[in-house]
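Presented below is the structure to which this report refers.
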Amino acid sequence: MSLPINTKGTAATIISDKISHKRYITVWDRTTQYDDGRIVKWDIVGHDTPYPTFVVVFTYNTEKKTTCLLKEYAQGTNEIKYTCVAGSYDRRKHSSVQEAAEHELSEEARLKGGHWISLLPPNQPQGISELKWGRNRFVPYLCLNPTIDNHPKLRDEEEYMEIEHNIRLSDLKDFIMQGEVMLPSVQTAWMAMHYLENHQLI
17 MSLPINTKGT AATIISDKIS HKRYITVWDR TTQYDDGRIV KWDIVGHDTP YPTFVVVFTY
77 NTEKKTTCLL KEYAQGTNEI KYTCVAGSYD RRKHSSVQEA AEHELSEEAR LKGGHWISLL
137 PPNQPQGISE LKWGRNRFVP YLCLNPTIDN HPKLRDEEEY MEIEHNIRLS DLKDFIMQGE
197 VMLPSVQTAW MAMHYLENHQ LI
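Just so we're aligned, residue 17 is where the sequence shown starts under my numbering, counting upward by one.
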């Protein structure tokens, strides 16, 4: 048997999907059935919102050949990790997915403008899955040459972060190899660097 890649959310039959806990994060009690007949129960974690759940933004300065990263508190493992700009897409606040990304760029990196490129594969319109056991999906963006935002949007009260500008791509790769970068940021950075290479911008 050869398992086909499935990015559409239809790989197994979902028999039941019930919320067992909900606060900032939701936990679902899910039961699925494989094609071979096996039935398995899972705890699924994520946000109870429509897709895509969040955005990730990789910035790139085409003159300096550098990016901007954040050092941010990761509450789950109680660490400080590198991350790209990232945040939720809230339909109550944002008119589009890209507007959510623009707002997050202002809030977290204190940057604005630039040339925006969605890196989302066309066959995954709802976003790229974040984790094996998670429900969330995200849209990766590349933003070329954003400028300093002198009137940035306010950050969320719980956010604890520091901005690092002018990071060379070779240093970013070292951070990734040392396990210091959050996984959605690794995915986004990989896709952004692939785009930059293909367009002779590196």
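We treat Cβ as the ideally placed atom computed from N, Cα and C, and that holds for glycine.
Exposure of residue i, with buried meaning 16 or more beta-carbon neighbours within 10 Å
{"i": "residue 203", "result": "buried"}
{"i": "residue 188", "result": "buried"}
{"i": "residue 20", "result": "exposed"}
{"i": "residue 75", "result": "buried"}
{"i": "residue 152", "result": "buried"}
{"i": "residue 146", "result": "buried"}
Candidates the options: closest to residue i by CA position
{"i": "residue 130", "options": "187, 160, 89", "result": "160"}
{"i": "residue 211", "options": "61, 101, 91, 78", "result": "78"}
{"i": "residue 42", "options": "59, 190, 31, 52", "result": "59"}
{"i": "residue 157", "options": "132, 116, 163", "result": "132"}
{"i": "residue 36", "options": "174, 63, 214, 165", "result": "63"}
{"i": "residue 85", "options": "183, 213, 214", "result": "183"}
{"i": "residue 163", "options": "109, 116, 53, 128", "result": "128"}
{"i": "residue 181", "options": "80, 173, 215, 138", "result": "80"}
{"i": "residue 185", "options": "170, 175, 209, 124", "result": "209"}
{"i": "residue 175", "options": "34, 22, 115, 99", "result": "99"}
Limits of the unbroken alpha helix (DSSP H) element including residue i
{"i": "residue 132", "result": "It is not in any alpha helix (DSSP H) - residue 132 instead sits in the beta strand (DSSP E) that spans 131-134."}
{"i": "residue 189", "result": "185-193"}
{"i": "residue 73", "result": "Note, residue 73: premise wrong, no alpha helix (DSSP H); beta strand (DSSP E) at 70-76."}
{"i": "residue 200", "result": "199-214"}
{"i": "residue 37", "result": "Run containing residue 37: none in the alpha helix (DSSP H); it sits in the beta strand (DSSP E), 29-38."}
Cβ-Cβ separation, residue j to residue i (assumed contact under 8 Å), whole Å
{"i": "residue 57", "j": "residue 47", "result": "5 Å"}
{"i": "residue 120", "j": "residue 103", "result": "4 Å"}
Contact under 7 Å by Cβ, residue i with residue j
{"i": "residue 200", "j": "residue 142", "result": "no"}
{"i": "residue 135", "j": "residue 193", "result": "no"}
{"i": "residue 101", "j": "residue 73", "result": "yes"}
{"i": "residue 111", "j": "residue 168", "result": "no"}
{"i": "residue 197", "j": "residue 71", "result": "no"}
{"i": "residue 190", "j": "residue 126", "result": "no"}
{"i": "residue 29", "j": "residue 49", "result": "yes"}
{"i": "residue 213", "j": "residue 87", "result": "no"}
{"i": "residue 61", "j": "residue 150", "result": "yes"}
{"i": "residue 105", "j": "residue 96", "result": "no"}
{"i": "residue 33", "j": "residue 44", "result": "yes"}
Beta strand (DSSP E) segment containing residue i, residue limits
{"i": "residue 91", "result": "From DSSP, residue 91 is part of no beta strand (DSSP E); its letter is neither H nor E."}
{"i": "residue 49", "result": "42-49"}
{"i": "residue 102", "result": "101-104"}
{"i": "residue 57", "result": "55-62"}
{"i": "residue 156", "result": "153-160"}
Closer than 6 Å: residue i CB and nearest the ligand ZN heavy atom
{"i": "residue 83", "result": "No copy of the ligand ZN appears in this structure; indeed no ligand is present at all."}
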